[in-house]
Amino acid sequence: MKENQFDSVAPVYDTLVKLIFGKSLYKAQTHHLDIIEQGDKVLIVGGGTGQILKHKAFRKAESIDYVELSTKMIKRAQKHASGLHQVSFYQKDFFDHEGQYDLIVCNFFLDCLDEDHLTLAVRKLEEMLQPNGSLLVTDFRNTSNFSNRLLTSTMLLFFRVFSGLQAKTLHDIPKAIERKFVSDKMQEFKRGFIFSALYRPLN
178 MKENQFDSVA
188 PVYDTLVKLI
198 FGKSLYKAQT
208 HHLDIIEQGD
218 KVLIVGGGTG
228 QILKHKAFRK
238 AESIDYVELS
248 TKMIKRAQKH
258 ASGLHQVSFY
268 QKDFFDHEGQ
278 YDLIVCNFFL
288 DCLDEDHLTL
298 AVRKLEEMLQ
308 PNGSLLVTDF
318 RNTSNFSNRL
328 LTSTMLLFFR
338 VFSGLQAKTL
348 HDIPKAIERK
358 FVSDKMQEFK
368 RGFIFSALYR
378 PLN
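Under my numbering, the letters of the sequence shown match residues 178 to 380, in that order.
Printed below as a string of structure tokens:
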């Protein structure tokens with residue numbers, strides 16, 4: 178099985194998310210979206226089924242490039258993008274995408290990567306972001322809570338079996354990002370298990 182192929186879980190993904198997390202993931206992903214300004218060029222990386230496209234903040238964007246490797250995830254995302262005529266969908270690997278953006282939204286993507294690819298991804302995000310742009314990352318974070326650690330292990334195993342998940346462990350994503358970015362705002366959810374943060378480039 179190829180790495181990070183989510184076609185097999187696309188039909189049940191939203192159901193699983195709702196069953197395990199309720200509305201917490203959607204709330205986390207949309208918490209900072211009001212940062213979108215009129216005329217912004219937005220990139221969404223690994224957007225999955227595209228639930229966040231229903232948020233009204235995206236209407237202000239001039240363009241939205243939606244990059245997702247899974248064909249079936251994109252088909253579901255297209256349904257959520259009804260009325261957003263400025264969305265362009267790209268079924269491709271993020272590392273093959275090029276462009277310059279005012280805002281990059283990177284939700285529950287970096288946790289899929291091994292340590293080397295995580296470093297490369299952060300570097301590429303920096304290259305694609307305009308000097309005054311913002312990076313919005315929502316993802317999981319390691320905590321000392323036993324139930325969170327158990328859930329992390331279960332999710333990693335599930336997605337490794339059914340999607341060829343590249344990551345074998347949950348890396349310290351904020352630490353990796355802060356090698357290239359400075360955190361402006363951070364909000365925690367589920368007792369710190371989920372974070373949503375806005376970053377700006379170091380330079």
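Don't be surprised by glycine CBs; every beta carbon is placed ideally from N, CA and C.
Note that the structure is predicted; figures quoted are calculated from it, not measured.
Could you have a look at M178 and say whether DSSP puts it in helix, strand or coil?
Position 1 of the sequence shown, counted from the first residue, corresponds to residue 178. Any reading at M178 needs caution, since the residue's pLDDT is 46, under 50, leaving its predicted position unreliable; the model's value is listed next. Assigned with DSSP and collapsed to three states, M178 falls in coil, not helix or strand.
Since A205 is in the alpha helix (DSSP H), which residue starts that stretch and which ends it?
Stepping through the sequence shown from its first residue, residue 205 is reached at position 28. Run containing A205: S201 to T207, per the alpha helix (DSSP H) assignment.
Give every residue of the same chain whose Cβ lies closer than 7 angstroms to the Cβ of F286, excluding the five residues on either side of it in the sequence, and list them in chain order.
Numbered from 1 along the sequence shown, position 109 holds the residue referred to as residue 286. Counting only Cβ-Cβ distances below 7 angstroms, and skipping sequence neighbours, we find V222 and G223.
Between L347 and the ligand GDP, is the CB less than 8 angstroms from at least one heavy atom?
For the ligand GDP, the structure offers nothing, since it holds no ligand at all.
So K367 and H209 are in contact, right, with Cβ under 8 angstroms, and what is the actual spacing, rounded?
Indexing the sequence shown from 1 puts residue 367 at position 190. Indexing the sequence shown from 1 puts residue 209 at position 32. The Cβ separation is near 17 angstroms, so there is no contact.
Under a three-way DSSP split, which group does Y190 fall into?
Looking up residue 190 in the sequence shown gives position 13. Note: Y190 maps to helix in three-state DSSP.
My assumption, with CB atoms under 8 angstroms, is that L306 sits in contact with P378. Please give the rounded CB distance.
Mapped onto the sequence shown, residue 306 falls at position 129. Mapped onto the sequence shown, residue 378 falls at position 201. About 6 angstroms; that satisfies the 8 angstroms criterion.
Return yes when the Cβ of F266 is within less than 9 angstroms of the Cβ of I251, no when it is not.
Your numbering for residue 251 matches position 74 in the sequence shown. Your numbering for residue 266 matches position 89 in the sequence shown. Yes, they are a contact pair.
So for S360, helix, strand or coil by DSSP?
For the purposes of this step, residue 360 is identified with residue 183 of the sequence shown, where counting begins at 1. Here S360 sits in strand by DSSP.
Determine the burial state of H348: buried for a count of at least 16 other Cβ atoms within 10 Å of its Cβ, exposed for fewer.
Along the sequence shown, one-based indexing puts residue 348 at 171. Flag for H348 reads buried.
Can you tell me which of the three DSSP states A254 falls into?
In the sequence shown, residue 254 corresponds to position 77, counting from 1. Helix at A254.
Considering only DSSP beta bridges, list what T248 is partnered with.
Walking along the sequence shown from the start, residue 248 turns up at place 71. The partner list for T248 (beta bridge, DSSP) is empty, contrary to what the question assumes.
Considering only residues of the same chain and omitting the five flanking positions on each side of T329, which have a CB-CB separation below 6 angstroms?
Along the sequence shown, read from residue 1 onward, the residue named residue 329 stands at position 152. A distance below 6 angstroms between beta-carbons, with the five flanking residues on each side excluded, links T329 to the following residues of its chain, in chain order: L347.
For I281, does the three-state DSSP call read helix, strand or coil?
Here the question's residue 281 lines up with position 104 in the sequence shown. Correct three-state label for I281: strand.
Mind reading off the beta-carbon distance from I212 to V299? Whole number of angstroms is fine, and I expect it under 8 angstroms.
The residue you call residue 212 lines up with position 35 of the sequence shown. The residue you call residue 299 lines up with position 122 of the sequence shown. In fact, because the Cβ distance is near 20 angstroms, the residues do not count as touching under 8 angstroms.
On the DSSP letters alone, give me the boundaries of the alpha helix (DSSP H) that S185 sits inside.
Counting from one through the sequence shown, the residue named residue 185 turns up at place 8. Note, S185: premise wrong, no alpha helix (DSSP H); not H, not E.
Who are the Cβ neighbours of P308 in its own chain at under 7 angstroms, not counting the five residues just before and after it?
Position 131 of the sequence shown, counted from the first residue, corresponds to residue 308. Closer than 7 angstroms at the Cβ level, and outside the excluded window around P308, lie P378.
Would you tell me roughly how many angstroms separate the C-alpha atoms of D270 and S321, rounded to the nearest one?
Here residue 270 corresponds to residue number 93 of the sequence shown, with the count starting at 1. Here residue 321 corresponds to residue number 144 of the sequence shown, with the count starting at 1. About 33 angstroms.
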